[in-house]
Amino acid sequence: MTMTAAANFPSRTNEILESLRTSGQLKHLQMIEGPMDATVRIRGKGEVVCLCSNNYLGLANHPEVVEAAHEGIRKYGAGTASVRFICGTFDCHEKLEDRIAQFYGVEASYSFTSCWNANEAIFPTLCEAGDIIISDELNHASIIDGIRLAVSIKKGLLRTVYRHGDLSSLREKLTEARSNPAITGTIWIVTDGVFSMEGDIADLPGIRGLCDEFGALLIVDDSHGTGVMGATGRGTHEHWGMPATKIDYFTGTLGKALGGAAGGYIAGSRLAIDLLIQRGRPTLFSNALPCSVACSATKAIEVLMREPQRVAKLRDNVEYARAGIAATGFSVLKSSTAICPIIVHDTAKAIAMSRRLLDLGVFVIGFGFPVVPEGHARLRVQISAAHERHHLDALFTALKKLDR
Ligand SMILES: Cc1ncc(COP(=O)(O)O)c(C=O)c1O
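Residue numbers -1 to 402, in this note's numbering, belong to the letters of the sequence shown in order.
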């Protein structure tokens, strides 16, 4: 590399950061000085109501979940110091994976250090040349990147995107795929269960119907639906009254409703899990999930299975919050999920509003480009079963004080 090329990096990086700063789009990391809960203590701000975490069931600071993590550390120590196939598989991993499979009612599951990792594993491992992956255009970035990785590794593996939530667009893509002689293998359809930025719900019965008609397999990333959707929090399929067996593969996170620590998983057939153990690159080349997290996540799932009333409380809170936000004059995108986006269009405005809300004692993050498309910036309010009515009332009071 020449001196000029090396010198180029600081100047172009400063330029990017400066343009974010001057356009009011620079993100600020808030320092949290205690546990994640209905309220959090933020450095320089004090105790504020937290309305932007994925702590949907309030399990991140649940005493049994925290104790399970302590127990995990005591029993297994701080780290696994290995990938799974060398000497990184502990019996707490097996217990967690059995529990996840039991929770869904599927044959098997396998854990990863994040759902991002799970999505990076599933497509390159299960898909082959001659297959095609058909993906909703608003799928999570980890799905998009997992697919990009897969098609870059496997020459002859195809991908295409259908319009968000649009079954006629999906049908068109399936029809094209079936008449494409290059597609000799499997057709895969992948969708989020609950879309993370819109808070809307995939039409899983409609998508399943198309899978059956065209002989395709269905992967659902239900990171925002697990623990939230359906009477017992099994996820988006339960919301639609579908058995889990109608979804061929689930990917999901342990970093949201299921204890909130970190980690992800793939759940489905034993056959696919066996292949992932043999061939998944994040499985073969990256450390195992920390044992403390395997233990705390297992406990979180047990608490959820034992206390479905947490899901009911979350649902009540969601209804109350959605009605309350609407009464302030802001409009929230319609859905029954715990993600309540308030569209304000402009990124700088969303960030300024989020700062003002924090000064008013309410922690809500503003999202803009590139996380959402230009012109669709929003405040994303997320509701938890940990919230009491007075926490949500504090949000309504603060929203009323914002300059529109
Ligand atoms: C749909 C979806 N998939 C995957 C992820 C990534 O999860 P993790 O934090 O476990 O990597 C997220 C997190 O925001 C998500 O919303």
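Ideal Cβ positions, reconstructed from N, Cα and C, are used throughout, including at glycine.
Counted as a single uninterrupted DSSP element, the alpha helix (DSSP H) harbouring R279 occupies residues 279 to 283. Judged by pairs of C-beta atoms under 8 Å, the region 94 to 108 does not touch the region 320 to 332, as fewer than three such pairs exist. Assigned with DSSP and collapsed to three states, C125 falls in coil, not helix or strand.
A distance of 9 Å or more separates the beta carbons of I181 and R206. For S194, there is no enclosing beta strand (DSSP E), since its DSSP letter is neither H nor E. Beyond the five residues adjoining it in sequence on each side, K311 comes within less than 8 Å, by CB distance, of A383 in the same chain, given in chain order. As a beta-bridge residue in DSSP terms, P339 pairs with R378.
Per DSSP, C85 lies in no beta strand (DSSP E) segment and is marked neither H nor E. Membership of D314 in the alpha helix (DSSP H) is indicated by the continuous run 307 to 325.
Our two residues, G359 and R353, have alpha carbons roughly 10 Å apart in a direct line.
With 16 or more neighbouring CB atoms inside 10 Å of its own CB, F365 falls in the buried class. Residue burial is scored here from C-beta neighbours: F283 has fewer than 16 other C-beta atoms within 10 angstroms and is therefore classed as exposed.
With contacts defined by Cβ atoms closer than 9 Å, I299 and L256 form a contacting pair.
Per DSSP, the unbroken alpha helix (DSSP H) holding F394 starts and ends at 387 to 398. Around the beta carbon of L202, 16 or more other beta carbons lie within 10 angstroms, which makes this residue buried.
For A67, there is no enclosing beta strand (DSSP E); the residue is found in the alpha helix (DSSP H) stretching over 61 to 74. Any heavy atom of ligand 1 within less than 5 Å of a residue's beta carbon puts that residue on the list, which reads S112, C113, W114, H138, S140, D190, S194, D219, S221, T251, G253, G262. CA-CA distance, R169 to V192, rounds to 21 Å. Rounded to whole angstroms, the gap between the alpha carbons of T296 and T158 is 36 Å. For R39, the enclosing beta strand (DSSP E) starts and ends at 37 to 40.
Counted as a single uninterrupted DSSP element, the beta strand (DSSP E) harbouring C48 occupies residues 44 to 48.
DSSP places L256 outside both helix and strand once states are collapsed to three, so it counts as coil. Contact check for N52 and G258: beta-carbon distance about 7 Å, within the 8 Å limit, so the pair qualifies. Distance check between A127 and each of T395, T184, E174 places T184 closest, using alpha-carbon atoms only. In the DSSP assignment, Y263 is bridged to S109, G250.
CA-CA distance, T230 to E196, rounds to 23 Å. H389 has its alpha-carbon roughly 8 Å from the corresponding atom of A36. Annotation: V226 to G70 spans about 26 Å, alpha carbon to alpha carbon. Taking the C-beta atoms as reference points, S294 is found no nearer than 9 Å to Y74. For F365, the enclosing beta strand (DSSP E) stretches over residues 363 to 365. For R304, the enclosing alpha helix (DSSP H) begins and ends at 289 to 304. A direct Cα-to-Cα measurement between E317 and A392 gives close to 16 Å. Rounded to the nearest angstrom, the Cβ distance from I40 to V47 is 11 Å, too far for a contact under 8 Å. Excluding its 5 nearest sequence neighbours in each direction, T335 has C-beta neighbours in its own chain below 6 Å: V192, G197, listed in chain order.
DSSP places V159 in the uninterrupted beta strand (DSSP E) bounded by 156 to 160.
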